[in-house]
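Taken in sequence, the protein lines are chains W and A. Position in the first sequence (from 1) plus 4 gives the number in the working numbering. Position in the second sequence (from 1) plus 15 gives the number in the working numbering. Down below is the structure, laid out as structure tokens.
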Amino acid sequence: MNTPTGSGTVYIVDDDESFLKSVSRLLRAAGYSVQAFTSAKKFLEQLAPGMSGCVLADLQMPGLNGLELQAALAKSASPMPVVFLSAQGDIPTTVKAMRGGAEDFLTKLDPKEKLLDAIRRALARGARESKARGHLRELRERFATLTPRELEVLKHVVRGQLNKQIADDLGINERTVKLHRTNLTRRLNVKSVAELTRLTEEAGLFGDGTAG
Amino acid sequence: MLFAEGKDVPGNILQEQAVKAEMQKDGTNRIEFSSEYLDASHFSGKEHFRVFQNYIGKKYDGGNLDLVVAFPSQDYMLAGELPDALFPIVPVVFVAVNEMDAPLTISKLGVTGIVQRFDIRGTLGLIMRLQPDTRRVVVIGGTTESDRATLGRIAEESKSLESVQFEFWTNRSVAQMSVDVGSLPEGTVILMSTVLRDVTGQPFNTSQLAQMLAPSASVPLYVFGGWALGSGAVGGSVVDPEDLGARAGQLALRVLGGEDPEKVPIEVATKGTPMVDWRALQRWGIKESRVPADAVIRYRPQTLWDEHRDLILILLAVFLAQAVTITGLLVQRSQRRRAEAVILDQRTEIAHVTRVSTMGQLTSAISHELNQPLGAILRNAEAAEMFLQKENPDLEEIRAILADIRKDDQRAGNVIKRMRSLLKRRSLDLKPLNFDELLAETVALAQSDAHARQVFLALQLRDKLPDVIGDRVHLQQVLLNLVLNGMDAMAGVPKSQRLLTVSAKPAKDGGVEVTVSDCGSGIAPDKIGRLFEPFFTTKENGMGMGLAISQTIIEAHGGKIWGGNNSPRGAAFFFTLPARPN
Numbered sequence: 005m006n007t008p009t010g011s012g013t014v015y016i017v018d019d020d021e022s023f024l025k026s027v028s029r030l031l032r033a034a035g036y037s038v039q040a041f042t043s044a045k046k047f048l049e050q051l052a053p054g055m056s057g058c059v060l061a062d063l064q065m066p067g068l069n070g071l072e073l074q075a076a077l078a079k080s081a082s083p084m085p086v087v088f089l090s091a092q093g094d095i096p097t098t099v100k101a102m103r104g105g106a107e108d109f110l111t112k113l114d115p116k117e118k119l120l121d122a123i124r125r126a127l128a129r130g131a132r133e134s135k136a137r138g139h140l141r142e143l144r145e146r147f148a149t150l151t152p153r154e155l156e157v158l159k160h161v162v163r164g165q166l167n168k169q170i171a172d173d174l175g176i177n178e179r180t181v182k183l184h185r186t187n188l189t190r191r192l193n194v195k196s197v198a199e200l201t202r203l204t205e206e207a208g209l210f211g212d213g214t215a216g
Numbered sequence: 016m017l018f019a020e021g022k023d024v025p026g027n028i029l030q031e032q033a034v035k036a037e038m039q040k041d042g043t044n045r046i047e048f049s050s051e052y053l054d055a056s057h058f059s060g061k062e063h064f065r066v067f068q069n070y071i072g073k074k075y076d077g078g079n080l081d082l083v084v085a086f087p088s089q090d091y092m093l094a095g096e097l098p099d100a101l102f103p104i105v106p107v108v109f110v111a112v113n114e115m116d117a118p119l120t121i122s123k124l125g126v127t128g129i130v131q132r133f134d135i136r137g138t139l140g141l142i143m144r145l146q147p148d149t150r151r152v153v154v155i156g157g158t159t160e161s162d163r164a165t166l167g168r169i170a171e172e173s174k175s176l177e178s179v180q181f182e183f184w185t186n187r188s189v190a191q192m193s194v195d196v197g198s199l200p201e202g203t204v205i206l207m208s209t210v211l212r213d214v215t216g217q218p219f220n221t222s223q224l225a226q227m228l229a230p231s232a233s234v235p236l237y238v239f240g241g242w243a244l245g246s247g248a249v250g251g252s253v254v255d256p257e258d259l260g261a262r263a264g265q266l267a268l269r270v271l272g273g274e275d276p277e278k279v280p281i282e283v284a285t286k287g288t289p290m291v292d293w294r295a296l297q298r299w300g301i302k303e304s305r306v307p308a309d310a311v312i313r314y315r316p317q318t319l320w321d322e323h324r325d326l327i328l329i330l331l332a333v334f335l336a337q338a339v340t341i342t343g344l345l346v347q348r349s350q351r352r353r354a355e356a357v358i359l360d361q362r363t364e365i366a367h368v369t370r371v372s373t374m375g376q377l378t379s380a381i382s383h384e385l386n387q388p389l390g391a392i393l394r395n396a397e398a399a400e401m402f403l404q405k406e407n408p409d410l411e412e413i414r415a416i417l418a419d420i421r422k423d424d425q426r427a428g429n430v431i432k433r434m435r436s437l438l439k440r441r442s443l444d445l446k447p448l449n450f451d452e453l454l455a456e457t458v459a460l461a462q463s464d465a466h467a468r469q470v471f472l473a474l475q476l477r478d479k480l481p482d483v484i485g486d487r488v489h490l491q492q493v494l495l496n497l498v499l500n501g502m503d504a505m506a507g508v509p510k511s512q513r514l515l516t517v518s519a520k521p522a523k524d525g526g527v528e529v530t531v532s533d534c535g536s537g538i539a540p541d542k543i544g545r546l547f548e549p550f551f552t553t554k555e556n557g558m559g560m561g562l563a564i565s566q567t568i569i570e571a572h573g574g575k576i577w578g579g580n581n582s583p584r585g586a587a588f589f590f591t592l593p594a595r596p597n
């Protein structure tokens, strides 16, 4: 029931070296790939885009503490779910950690079943989120191949405008509009206006603040 | 005029007369009065109240009522619900001698009035003035919510008298008390709070009670109500029913004169009138020169009174002028206090425990220090188990794990050792202690917490305790820990049952035995033997360190600590300390 699923590394961050060693051992014994760090700073320094997995972090650490690590990670290029470990949990900190999106909050004396279960869930969520991020990245790369004029035409198309209206709005010939449409559907490899609209929305191209 | 109590209650008669006298001062006799008495102490119950309400409603239906003056009991029903239901457009002025505030609903009904509190501070001041050698005050109290509110205020005020022990008699019947007051030793005084109901459920008014207790008491008795004077009590800074009635009469005239009662804030007064019974002064041999100049002396042979009448009147005038100023200041202060109380309530339990209890901080630090190596041991053991389940276990790895487990075990052991040495040698500052004082101080320290958690915390000291040798701070921590545990244990029981008692007596071997006893759910029998084990706890968020550390401290003092269940309910913890060697 606690068999590791999916890929990804468990990044363990704890200033107590003896605990760090023991929990690394346990997770390796359970079949996970593990990397251990004695401070949040050391972990964040080696963080690179595209890294995936989850983080198991002590809450009370000198320098950056667990909550600060969580905040820095969320802003980085490779956000990952965090499972917190604490020598002793207190309610306000727990609430804060959970609000920050922590996968779970455990004490160091919780049984291994609870720990392995939390890691399994965090990795699954990490994989899911990383896959979604990968899909988005790929989608945006595809849209990035369009010329500025094609993007402009696309914007009008997904609004449901006809070629003639688009031509009027942009002050260009209707036949030129048709040409841009053919080119962009071919480059994006879509079959219908419906599909085009869906992909544009998924990429968050015009609808939200990420439009580029 | 609506009275919650019967016609024969002395306070009522005096107030009724004073209200009428004040309102008829102009001599025109324009105002007609009718009085009705619910007599709630003798006839309680909803049916009686309903019948009374119907009767009043029928009798005054269309009777051109211009004003209701209510003298409500502790629940204020007579000032709020009843007149509102029967005479919704008639203004209401009430007079209440009550330790509890009028409910907000009352001021919303457009009712105004006076809430007069007992002048506890003034009365304690008078006691110390008349009898400076007082070492112990026995407080007679009752069991209703209002009785407990008064006792709570007395406990609060008692803090200002450091040299005096306060003992609260709340769990004996009035019959028992009337016997017990006969054998109190010198240096003691009796302070009579209210006993709306005693422990057997019987109701008493204060005049009645003073009459029952004062004659047989072996020491002087003090009261808060002017109506209880003349029963044998020495006196007090009392609520003067005539003065109160006159103030109510003035307020009633203002409202009759057209002032909107909704715009007149309810007055809360706490200042009393120092008043003593001359005959009681004689009985106890208290010199009259000790009586403050502003005090009213009652029942003195008339000639003396006549002789000093003018002087006293002038002094009274001065006093009244002062009282006006003081009342103003007191109102301001009570507003500030209310704001402070709100802030106190908002503090979380944990924050407060940490504030008063360094043991709380200590346990938290220690459990953090210990959980690190214990967590590592656990993880290593679990990892070893998993390695062993594999087909070809890596024995090198397992050997390394075992070595690490041993290392962490030593680390945990060192934490415990450090804690022990911290408590044993370095910081045990052994000095002769006045243990009565230490107890009073600690109980006073926990009192605000008790208030916030609505626990009634009482200190019972019967006999003078022998001096002991000990570390003041550490012993205080042990006591605080037991007191806070007791409060925690009662979090789930109804407010009216949350009684926590700290008591102490001389032990057989000459030392001291202290008991902290609660009315919570008690300790499961199978857990009693483990109470003092480190990390053993019955609380959801407990560390299981408090009692373990307490045991270390008490044993370092050469004493013993143990715990068990109370009958019929609750738990009690005991510890002893050896006597100071000669």
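Just so you know, even glycine gets a beta-carbon here, dropped at the ideal spot from N, CA and C. Values in this document were obtained by computation on a predicted structure and should not be read as measured data.
- Below the 8 Å Cβ cutoff, chain A contributes 394, 395, 398, 412 and 416 as neighbours of residue 29 of chain W, in chain order.
- The alpha-carbon of residue 422 of chain A is positioned some 22 Å away from that of residue 408 of chain A.
- Leaving aside the five residues that flank residue 510 of chain A on each side, the residues in its chain whose CB is nearer than 6 Å to its CB run, in chain order, 469.
- Ranking A/419, A/400 and A/229 by CA distance to the CA of residue 298 of chain A puts A/229 first.
- In the DSSP assignment, residue 180 of chain A forms a beta bridge with A/151.
- Straight across, the Cα-Cα distance linking residue 293 of chain A with residue 313 of chain A is about 6 Å.
- Under the DSSP assignment, residue 293 of chain A falls in the alpha helix (DSSP H) whose first and last residues are 293–299.
- Counting every other CB atom within 10 Å of its CB across the protein chains shown gives residue 53 of chain W a total below 16, marking it as exposed.
- If you look at residue 575 of chain A, you'll find it isn't in any alpha helix (DSSP H); it sits in the beta strand (DSSP E) that goes 575–580.
- Proximity of chain A to residue 20 of chain W at the Cβ level (cut-off 9 Å) is accounted for by 387, 388, 390 and 391, in chain order.
- Secondary structure at residue 111 of chain W: strand, using DSSP grouped into helix, strand and coil.
- The Cβ of residue 402 of chain A sits closer than 8 Å to at least one Cβ of chain W.
- Under a 10 Å Cβ-count criterion, residue 207 of chain W is classified as buried, with 16 or more other Cβ atoms of the shown protein chains found around its own Cβ.
- DSSP places residue 122 of chain W inside the alpha helix (DSSP H), whose first and last residues are 116–147.
- Out of A/574, A/532 and A/480, the CA that lies nearest to the CA of residue 486 of chain A is found in A/574.
- Here DSSP, grouped into helix, strand and coil, assigns residue 462 of chain A to helix.
- Contact between the stretch 516–531 of chain A and the stretch 492–508 of chain A is present: 3 or more CB-CB pairs across the two stretches fall below 8 Å.
- Looking at the DSSP output, residue 15 of chain W shares a beta bridge with W/39 and W/59.
- Under the 8 Å criterion on CB atoms, residue 466 of chain A is classed as non-interfacial with respect to chain W.
- If the five residues before and after residue 490 of chain A are omitted, its C-beta is found closer than 8 Å to the C-beta atoms of 448, 453, 568, 572 and 592, all from its own chain and listed in chain order.
- Rounded to the nearest whole angstrom, the CA to CA distance from residue 128 of chain W to residue 141 of chain W is 20 Å.
- Taking a cut-off of 8 Å for Cβ pairs, the stretch 265–272 of chain A and the stretch 114–124 of chain A do not touch, as fewer than three such pairs fall below it.
- For the stretch 23–50 of chain W, the set of positions with a beta-carbon nearer than 7 Å to some beta-carbon of chain A reads 23, 25, 26, 27, 29, 30, 33 and 34 in chain order.
- Listed in chain order, the non-local C-beta contacts of residue 184 of chain A below 7 Å within the same chain comprise 153, 154, 155, 156 and 192, local neighbours out to five positions each way being set aside.
- Residue-level contact by beta carbon holds for residue 383 of chain A and chain W, with a gap shorter than 8 Å.
- Put simply, of A/23, A/35 and A/26 the residue whose alpha carbon is nearest the alpha carbon of residue 16 of chain A is A/35.
- Residue 66 of chain A: member of the alpha helix (DSSP H) spanning 61–74, first to last residue.
- Closest by C-alpha distance to residue 532 of chain A, out of A/212, A/33, A/263 and A/474, is A/474.
- With its beta carbon less than 8 Å from one in chain W, residue 419 of chain A belongs to the interface.
- With a threshold of 16 other beta carbon atoms within 10 Å, residue 175 of chain A falls short and is exposed.
- Beta-carbon to beta-carbon, residue 136 of chain A and residue 179 of chain A are separated by about 13 Å, too far to satisfy the 8 Å threshold.
- Taking 8 Å as the cut-off, the beta carbon of residue 480 of chain A is found no closer than this to the beta carbon of residue 430 of chain A.
- Between residue 106 of chain W and the set W/15, W/145, W/158 and W/60, the nearest pair of CA atoms involves W/60.
- Assignment of beta-bridge partners to residue 38 of chain A by DSSP yields no partner.
- At a beta-carbon threshold of 7 Å, the residues of chain W lying near residue 423 of chain A are 22, ordered along the chain.
- When C-beta atoms of the stretch 533–546 of chain A are compared with those of the stretch 207–225 of chain A, fewer than three pairs fall below 8 Å, so the two segments do not count as touching.
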